[in-house]
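Chemist: The sequence shown begins at 410 in this note's numbering and counts up by one.
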Amino acid sequence: MLLQPAQRTKLDESDDRLFYDFPRFVTHVDEGFIQQLTDLYQERLQPHSRILDLMSSWVSHLPEEIEFEHVEGHGLNEEELARNPRLNHYFVQNLNQKQLLPLPDQSFAAVLIAVSVQYLQLPEAVFAEIYRILKPGGICIVSFSNRMFYQKAIQAWRDSSEAERVELVKGYFAAIPGFGPAEVIMRPSQVPSFLQMLGMGGGDPFYAVIGQRQG
Ligand SMILES: C[S@@+](CC[C@H](N)C(=O)[O-])C[C@H]1O[C@@H](n2cnc3c(N)ncnc32)[C@H](O)[C@@H]1O
């Protein structure tokens, strides 16, 4: 098994919908991170394709100049999703309670999970669903930094170093036969962590793990 039951636990085990009940119109990472993410989307996403922004909010970080055929959104807070200008449609679903997505097989060219994967308690089941809805050759881009709602992140994430978190997400892809070997982008902070904690310099570290559904 990829994760032991204890590694899936959160410090705050109350229903996630309560935690996300009120909207947060904030960004969860700094501008440098968001620019790197938008640049990555610019490089990897096909114009006029169908995109799923899983675990989304009021922003999707998609390049403004790219037009997509359809951007489906998903998250836990309806007000945030309603304010997201990139979404053509959205649905609210707690992925820790229900993993099956209300979306047809092989219907998306790309699935995005931005700064949220640490909250999934049953990642294998969610990644199996991502695989199911991706078209052959489709990609899933999982991005993250070093920030989180600590009480809502799973123990395996809280207890890991940044490099170990990359391995964890690679493991989520590897758990699903049919995803090729995941590609990794690692841009750790160049500033020692004690200086970062003092707020002295260095932008947010940027990590992305990209899985592709084999053709
Ligand atoms: C830090 S926010 C990131 C939002 C957005 N992706 C972004 O880049 O700003 C974390 C998001 O994870 C999603 N989330 C957290 N727990 C969830 C759960 N149990 N089921 C579904 N989505 C969840 C919520 O939609 C929340 O907005």
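Virtual Cβ for every residue (Gly too), placed ideally from N, Cα, C.
Examine the Cβ distances between the stretch 492-499 and the stretch 507-521 and report whether three or more of them are shorter than 8 Å.
Modeler: Fewer than three Cβ pairs drawn from the stretch 492-499 and the stretch 507-521 lie within less than 8 Å of each other, which leaves the two stretches out of contact.
Chemist: On the criterion of 16 or more Cβ atoms from any shown chain inside 10 Å, does Asp532 qualify as buried, or is it exposed?
Modeler: Just to set this straight, residue 532 is Pro in the shown sequence, not Asp. Pro532 is buried by the Cβ-count criterion.
Chemist: Compute the distance between the beta-carbons of Glu474 and Leu510, then report whether it is under 9 Å.
Modeler: no
Chemist: Which full runs of the beta strand (DSSP E) of 3+ residues lie inside the stretch 447-490, going along the chain?
Modeler: For the stretch 447-490, the full-length beta strand (DSSP E) segments reaching 3 residues or more read 459-463 and 479-484 along the chain.
Chemist: Give, in chain order, every unbroken run of the beta strand (DSSP E) that is at least 3 residues long and sits entirely within the stretch 551-616.
Modeler: 592-596
Chemist: When you compare the CB positions of Gly482 and Gly546, do they come within less than 9 Å of one another, or not?
Modeler: no
Chemist: Is there at least one non-hydrogen atom of ligand 1 closer than 8 Å to the beta-carbon of Gln445?
Modeler: no
Chemist: If you drop the 5 nearest sequence neighbours on each side, which residues of the same chain put their C-beta closer than 8 Å to that of Asn555?
Modeler: Glu571, Ser598, Asp613 and Pro614
Chemist: Put Arg622 into one of helix, strand or coil per three-state DSSP.
Modeler: strand
Chemist: May I have the straight-line CA-CA distance separating Gln451 from His470, to the nearest angstrom?
Modeler: 10 Å
Chemist: Following the continuous beta strand (DSSP E) through Leu521, name the residue where it begins and the one where it ends.
Modeler: Phe517 to Ala523
Chemist: Count the other CB atoms, across all protein chains shown, that sit within 10 Å of the CB of Met464; report buried if there are 16 or more and exposed otherwise.
Modeler: Its Cβ being crowded by 16 or more others within 10 Å, Met464 is buried.
Chemist: With the cut-off set at 9 Å, would you say Asn505 and Ser466 are in Cβ contact?
Modeler: no
Chemist: Output needed for Ser552: all residues of its chain with C-beta closer than 6 Å, excluding positions within five of it in sequence on either side, in chain order.
Modeler: Leu446, Ala523 and Ala617
Chemist: Looking at the strands, I want to know which residues DSSP matches up with His498.
Modeler: Glu481
Chemist: I'd like the list of long-range same chain contacts for Ile443, defined as Cβ closer than 7 Å, with 5 residues on each side in sequence excluded.
Modeler: Cβ neighbours of Ile443 beyond the five flanking positions: Thr436 and His470.
Chemist: Within its chain, find whatever has a CB closer than 8 Å to the CB of His479; leave out the 5 residues flanking it on each side and keep chain order.
Modeler: Arg459, Ile460, Asn497 and His498
Chemist: Do you know offhand how far Arg619's Cα is from Gly589's?
Modeler: The question names Arg, yet the displayed sequence has Ile at residue 619. Their Cα atoms are separated by approximately 10 Å.
Chemist: Since Glu538 is in the alpha helix (DSSP H), which residue starts that stretch and which ends it?
Modeler: Pro532 to Ile542
Chemist: So, helix, strand or coil for Pro414, using DSSP?
Modeler: Residue state, collapsed to three classes: helix.
Chemist: Can you find the residues in the same chain that come closer than 7 Å, C-beta to C-beta, to Glu476, ignoring five residues on each side of it along the sequence?
Modeler: Apart from the 5 residues on each side of it in sequence, Glu476 sits with its Cβ closer than 7 Å to the Cβ of Pro456 and His457 in its chain, given in chain order.
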